[in-house]
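To convert a position in the sequence shown, counted from 1, into our numbering, add 240.
Quick reminder that beta carbons are idealized off the backbone N, C-alpha and C, glycines included.
Report on one structure; see the data block that follows.
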Amino acid sequence: MAKYELGGKRPVVGDGTWVHETAQLIGDVVVGSGCFIGAGAVLRGDFGSCRVGDRSSVQESCAMHSRPGEVCSVGSDSTIGHGAVLHGCKVGDRAVVGIHCVVADGAEVGDDCIIGENSLVKSGMKIPAGSLAAGSPVVVKGPLKESQIMMKNAGAALYADLAARYVREARRLPD
């Protein structure tokens, strides 16, 4: 991984977290324990801060950033799908932000939510806890069904297990 100190702030990574060598953590970034940070992910704590809770995954090619003095945060046990962009927003615990979503400044995704793939959560939008939301811009479709809750929780557990497996077993091969 590429970690950069900036303005006297250094990224902090919790125990048992896997960060791919091509991921970039810059400045005021804190990643919890047991997380998975995928290839090409960029967490930029240059203007504001980035926070990722325990056992969450920020998958390949994601970006996290925020405006000066603000925090872009992901709660614990959450899944940020491949290629998602989070900017100055808050994603709660046990949430899923689908592949290629954008969650913009001041938006809040509540605990236990699923945001469908390719969705746009516009600046300032608030998605209530336990909701399924999708579209561009997102529309709340209703509360999660039991099957969706089970799928969401299984996905988070799968990536937490994957992070632990990578920490134990992954070894870069020589060129």
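- Closest in alpha carbon position to valine 282, among Thr257, Ala303, Lys381 and Ser318, is Ala303.
- In this structure, the straight-line span from the alpha carbon of glutamate 357 to that of leucine 413 is close to 33 Å.
- Residues Met304, Cys312 and Val343 of the same chain have their beta carbon placed closer than 6 Å to that of leucine 326, with the five preceding and five following residues left out of the count.
- Only residues of its own chain outside the window of five on either side were considered, and among them Ser306, Arg307, Glu310, Cys312 and Asp345 have a CB closer than 6 Å to the CB of glycine 328, listed in chain order.
- Only residues of its own chain outside the window of five on either side were considered, and among them Ser306, Arg307 and Pro308 have a CB closer than 7 Å to the CB of phenylalanine 287, listed in chain order.
- DSSP places alanine 404 outside any beta strand (DSSP E); the residue lies instead in the alpha helix (DSSP H), whose first and last residues are 386 to 409.
- Under DSSP, serine 371 takes part in a beta bridge, and its partners are Pro383.
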